[in-house]
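Below you'll find the structure, written out as structure tokens, and then a few comments.
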Amino acid sequence: MKTRTRRAVVALSALAVGAAALTTTGSALEPRVQTADGLLREMTLEEKVGQLFVTYAYGRTADTPDPANREEFGVDTPAQVVQEYHLGGIIHFTWSNSLYDPKQVAELSNGLQTAATSSGARVPLLISTDQEQGQVTRITEPATQLPGNMALGAGRSPQDAERAAAITGQELRAMGLNMNFAPSGDVNVNPANPVIGVRSFSSDPALAAQFTAAQVRGYEDAQAAGEGVSASVKHFPGHGDTNTDSHTALPVIEHDRQQWEQLDAPPFKEAIAASTDSVMSAHIVVPKLDDSGQPATLAPKVLTGMLRQELGYQGVVFTDSLQMEGVRQQHPDSEIPVLALQAGADVMLMPQDLQVAIDGVIAAVRDGRLTEQRIDESVSRVLKLKEGRGVLANPFVDVSKVGSIVGNQQHLADAQRITDRTTTLLRNDAALPLKSPGKVFVTGASEQGAKALSDSVRARGPQSSALTTGTKPTQEQIGQAVEQAKAHDVAVVLTSAAWNPDNAGQLDLVRALQATGKPVVAVAVRDPYDAAYVDVPAWIASYSDKPVAMESVAKVLFGETTPAGKLPVPVPEPGRPGTDRYPFGFGLAW
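When you line the sequence shown up against mature numbering (1 follows the signal peptide of the UniProt record, and there is no 0), it's residues -28 to -1, 1 to 562, in that order.
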């Protein structure tokens, strides 16, 4: 255990009482109102450096002791983590016990803001999460579930993309969050991309750019009215053409300058034009753009040269998580934040060891590798973001209003309408709409999806049962699915990245179901590339396994709606480069 020197915490009883009142009655709490420039002049070096870090803390309330906090941060509660390190922000995750239900999240967020505004420089926090929707959804029901990026791209409506972001932002803000690490502006031109995929709007840079900007407006226009959040467009300079996951390795992208300008740059340019509050860097190497061999997060030519000087971006630059292997392979954890600041980043997200990272930056200032002026530049950007979005003036939320905002009927209805316009029919050999089936069997990769779709089927009259086989079904599971399918009129099988050789058992499952002689409908609940790997009478791309997406699939199965989605990416023919089974823009209807 490291020895830590704690700063004395200044207890402000008025703030503590106000926070308690806010939690129970929703009354306003008045923090000390300061300008960004005024705060910066008063801050110590340690307080400034703390503003440049965002991490998680463990616990459902700000005052909940958790052994994980003691082990990782040397203190007991989330509030103490904030105060010990003078943090600029906190990021919420389910695994850190931060996201239990909307009211709890709001109370936790208020408690953390009280901790921040009652000690040290008394600067409110940026409180964030990754609520991209679709595949990356940190806050589940009762919060409104909306289509992810690729589904929105299939819907072809930038207005729907903007509305989805506005709903998401309004609900996050009601829960006390003021920043969302979304949207992904990556252009997914590699079907084997293991980390982006459905998180991308499209393989078409113009479509991806249009929708990225629409979501920035959706998040931040509502924020301007005190109802939304700041956006963070990611992952610069573009993570869409890799078959390596930067969480576990360092991807190398071979795009040259012309390819980058044509493919990767447009979404970031449009996001900047839409005034995105922040941009997140990628842990990738692009050797034809930067010959340093450093990941973009640590590369001055990328963050300063390309992003700031060429694209003219003046806002906050976040790193992606510094716990990812893509950024940790070449340097010690104490050096990574120093190199990120030298490259042009402002805020370091989730360092592997927070104390080591902060100490590394302070040591770099004291030995001259970083100037305090450089620290001030980044702190000023962070404080001005907080000032411009009203976080300095009042970071608290009214807990009594959470229930009327999060998952309200208007949001849920809008979410279903938006989702209905994204469902994409790729193949239909006169199999759909279903012709009065008495019993429908739902099986496949997703437990959530199978249960939700089976429920939606039963709501329409037919009997239905569900069996989850997972993404890597065993022969025993396949045999169980076959036996159950024989007792039903139709089999619907959900696939998830079945194109990946590691998941080839899913294709065996589909073929085994076909061999029963029962009609088979396949639904790709992640990316649509699965549809090229096995032929069935009907293929649907839903891009998600969430209940709202499964309800849309049910509407198509029973002919209640005409499938309206159009592929936002081509689906290539396996083993035949340059040949598409289903081209960009394809989508059947009736």
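Yeah, the Cβ is synthetic: ideal placement off N, Cα and C, and Gly gets one too.
For residue 118, the three-state secondary structure derived from DSSP is coil.
Straight through space, the alpha carbons of residue 181 and residue 242 are spaced by roughly 6 Å. Under DSSP, residue 241 forms no beta bridge with any residue. 7 Å or more divides the Cβ of residue 254 from the Cβ of residue 148. Scanning 103, 110, 53, 50 for the CA closest to the CA of residue 72 turns up 110. Around residue 500, the same chain offers 513, 543 as residues with beta carbons nearer than 6 Å, after the five sequence neighbours per side are excluded. Around residue 377, the same chain offers 142, 143, 146 as residues with beta carbons nearer than 7 Å, after the five sequence neighbours per side are excluded. Pairing residue 410 with residue 434 gives a Cβ-Cβ distance under 7 Å. Around the beta carbon of residue 67, a 10 Å sphere encloses fewer than 16 other beta carbons of the protein chains shown; the residue is thus reported as exposed. Residue 400: member of the beta strand (DSSP E) spanning 396 to 400, first to last residue.
A residue is called buried when at least 16 other Cβ atoms come within 10 angstroms of its Cβ; residue 215 does not meet this threshold and is exposed. Distance from the CA atom of residue 112 to the CA atom of residue 402, rounded to whole angstroms, is 36 Å.
For residue 45, there is no enclosing beta strand (DSSP E); the enclosing alpha helix (DSSP H) covers residues 39 to 45.
Going by DSSP, residue 57 is part of the alpha helix (DSSP H) stretching over 50 to 57.
A Cβ-Cβ contact shorter than 7 Å links residue 116 with residue 379. Looking at 83, 287, 53, 70, the one whose alpha-carbon comes closest to that of residue 317 is 287. Residue 326 and residue 198 have their alpha carbons spaced roughly 31 Å apart. Residue environment: residue 562 is assigned as exposed (fewer than 16 neighbouring CB atoms within 10 Å of its CB, all protein chains considered). Residue state for residue 61 is assigned as strand, using DSSP reduced to three classes. Going by C-alpha positions, residue 448 is about 14 Å away from residue 457. Beta-bridge analysis with DSSP links residue 465 to 415, 494. When C-alpha distances from residue 540 are compared across 302, 405, 126, 48, the shortest belongs to 126.
By the neighbour-count definition (other C-beta atoms within 10 Å, threshold 16), residue 451 is an exposed residue.
The stretch 362 to 375 and the stretch 89 to 107 touch, with three or more beta-carbon pairs separated by less than 8 Å.
Spanning the alpha carbons of residue 177 and residue 329 requires a straight line of approximately 36 Å.
Residue 528 and residue 519 do not touch by the CB rule: their CB atoms are close to 15 Å apart, not below 8 Å. For the 7 Å CB-CB criterion, residue 502 and residue 496 form a contact. Counting only the Cα atoms, residue 151 lies some 9 Å from residue 191. Assignment of residue 513 by DSSP, reduced to helix, strand and coil, places it in the strand class. Counting only residues of its own chain and dropping the five nearest sequence neighbours on each side, residue 485 has a CB closer than 8 Å to the CB of 415, 453, 454, 457, 463, 465, 492. By the neighbour-count definition (other C-beta atoms within 10 Å, threshold 16), residue 367 is a buried residue. Of the other Cβ atoms in all chains shown, fewer than 16 fall within 10 Å of the Cβ of residue 373; this residue is therefore exposed. In the structure shown, residue 553 adopts extended strand secondary structure according to DSSP, grouped into three states. Beta-carbon to beta-carbon, residue 209 and residue 278 are separated by about 6 Å, close enough to satisfy the 8 Å threshold. Residue 147 carries a coil assignment under DSSP once its states are collapsed to helix, strand and coil. Across the structure, residue 204 and residue 169 are spaced so that their CA atoms are roughly 18 Å apart.
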